[in-house]
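Colleague:
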Amino acid sequence: MTRFEGKVALVTGATSGIGRATAIAFARQGATVIVTGRREKEGNETLAMLRAAGGDGAFLKLDIAVEGEVMGVIREVMSRHGRLDCAANCAGYDVARSLTEFSEADYDAIFNANVKGLFFCLKHEILAMRDTGGTIVNVGSVAAQMSDVGNSLYNASKSAANSLTRTAAAEAAKRRIRVNEIAPGPIETPMLQGFLRNAAAAGSAFTSASIAANIALGRIGDADEVANAVLFLCSDEAAFITGASLTVDGGFLLG
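Just so we're aligned, residue 7 is where the sequence shown starts under my numbering, counting upward by one.
1. With three or more beta-carbon pairs closer than 8 Å as the criterion, would you say the segment 151 to 160 touches the segment 25 to 43?
2. Confirm, please, whether the CB-CB distance from A189 to A150 is below 9 Å.
3. Taking 8 Å as the limit between beta carbons, can you name the residues of its chain near V232, skipping five residues before and five after?
4. Fully enclosed by the segment 71 to 134, which alpha helix (DSSP H) runs are 4 residues long or longer?
5. Helix, strand or coil: which one does DSSP assign to N50?
6. First and last residue of the beta strand (DSSP E) that includes G63?
7. Which value, in whole angstroms, describes the spacing of the CA atoms of G256 and I142?
8. Who are the near neighbours of V236 in its chain, counting only those whose CB is closer than 6 Å to its CB and skipping five residues on each side?
9. Measuring only the C-alpha atoms, how far is T171 from R136?
10. Could you pull the start and end residues of the alpha helix (DSSP H) that R26 belongs to?
11. Could you tell me which whole beta strand (DSSP E) segments of length 3 or greater appear in the segment 145 to 223?
12. Quick one: is R184 buried, meaning 16 or more other Cβ sit within 10 Å of its Cβ, or exposed?
13. Starting from A15, follow its DSSP beta bridges and name the residues at the other end.
14. Classify A54 as buried or exposed, calling it buried when 16 or more other Cβ atoms lie within 10 Å of its own Cβ.
15. Assign Q199 to one of two classes, buried (16 or more other C-beta atoms within 10 Å of its C-beta) or exposed (fewer than that).
16. How close, in whole Å, do the beta carbons of N120 and A167 come, if the pair is a contact with beta carbons under 8 Å?
17. Where does D230 fall in DSSP's three states?
18. Please report the straight-line C-alpha distance between F258 and S85, rounded to a whole angstrom.
19. Give me the residue from F201, L66 and H130 with the minimum Cα distance to S104.
20. Report the rounded CA-to-CA distance for F4 versus V17, giving the unit in angstroms.
Here it is, written out as structure tokens:
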């Protein structure tokens with residue numbers, strides 16, 4: 007499929023997990039992909055993967071919590087390509103602790119990545135798209151609707167991200183910019199494995215098997231399945247969808 011032929015797509019958090027899968031999926035469908043993330047080695051690995059899949063693009067190092075870096079990346083994209091058609095904001099951060107054990111540094115790290123960084127990305131992506139239109143998809147989480155023990159700050163940050171998505175959609179619609187959210191459930195990524203390690207250290211009984219047992223479809227999801235949903239919301243097939251949150255959780259929230 008080449009439904010993004012001639013399009014320029016920016017993917018944050020593309021050094022691993024959902025971001026990496028999304029970048030490769032865009033490339034397979036014809037987009038020129040700007041791969042971004044804080045880790046240069048992993049970013050270049052993603053770039054090599056998408057080129058091996060027949061795509062093309064570039065890696066630009068980016069810490070989304072620094073507005074000047076976000077501005078610089080967007081400026082570079084516009085300088086090279088003259089346009090930004092799609093943006094997938096996949097960068098995120100999580101750490102599992104009891105609420106009473108979280109530190110101010112934990113709070114800052116989680117909210118800098120999941121809220122402040124998302125705000126900076128939305129702001130400058132919308133500014134880049136304001137004359138041409140475009141599509142933006144934020145990767146949120148079903149955690150926004152949950153109160154699972156040991157994940158209070160992540161849950162709160164994803165609730166804020168959901169609200170930011172809806173408000174951005176309302177403001178950007180007049181510019182022909184659609185803004186939506188994907189809310190994944192448990193997905194097999196380095197972030198999930200890190201969460202499980204931290205949860206185990208905190209005395210939690212969470213394991214991959216115990217999580218899968220609580221998913222209606224009986225398994226943890228794959229990053230490619232989330233990437234497919236991101237591309238759907240960026241595509242013309244979703245032309246009348248904005249301000250929405252699409253749950254991709256295998257029935258995890260069904261209980």
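Using N, Cα and C, we set each Cβ at its ideal position, and we do this for glycine too.
Modeller: Looking at the atomic coordinates:
1. Pairwise C-beta distances place the segment 151 to 160 out of contact with the segment 25 to 43, as fewer than three of them are shorter than 8 Å.
2. Cβ atoms of A150 and A189: closer than 9 Å.
3. Result list for V232: I24, A27, T28, V145, I188, P190, I193 and V254, in chain order.
4. Fully contained in the segment 71 to 134 are the following alpha helix (DSSP H) runs of length 4 or more, in chain order: 73 to 87 and 110 to 117.
5. Assignment of N50 by DSSP, reduced to helix, strand and coil, places it in the helix class.
6. Looking at the DSSP string, the run of the beta strand (DSSP E) that includes G63 is D62 to K67.
7. Those two C-alpha atoms are separated by around 23 Å.
8. Excluding sequence positions up to five before and after V236, its CB lies within less than 6 Å of the CB of T28, A94, V143 and I188, all in the same chain and listed in chain order.
9. Our two residues, T171 and R136, have alpha carbons roughly 17 Å apart in a direct line.
10. Note, R26: alpha helix (DSSP H), G23 to R34.
11. Taken in chain order, the complete beta strand (DSSP E) segments of 3 or more residues contained in the segment 145 to 223 are 183 to 190.
12. By the neighbour-count rule (16 or more Cβ atoms within 10 Å), R184 is buried.
13. BP columns for A15 point to V39 and C92.
14. Taking all protein chains shown into account, A54 has fewer than 16 neighbouring C-beta atoms within 10 Å of its C-beta and is therefore exposed.
15. Label assigned to Q199: exposed.
16. 6 Å between Cβ atoms; contact.
17. Helix at D230.
18. Each residue's Cα considered, the two are about 43 Å apart.
19. Nearest C-alpha to S104 among F201, L66 and H130: F201.
20. Here the chain covers residues 7 to 261 and nothing more, so residue 4 does not appear.
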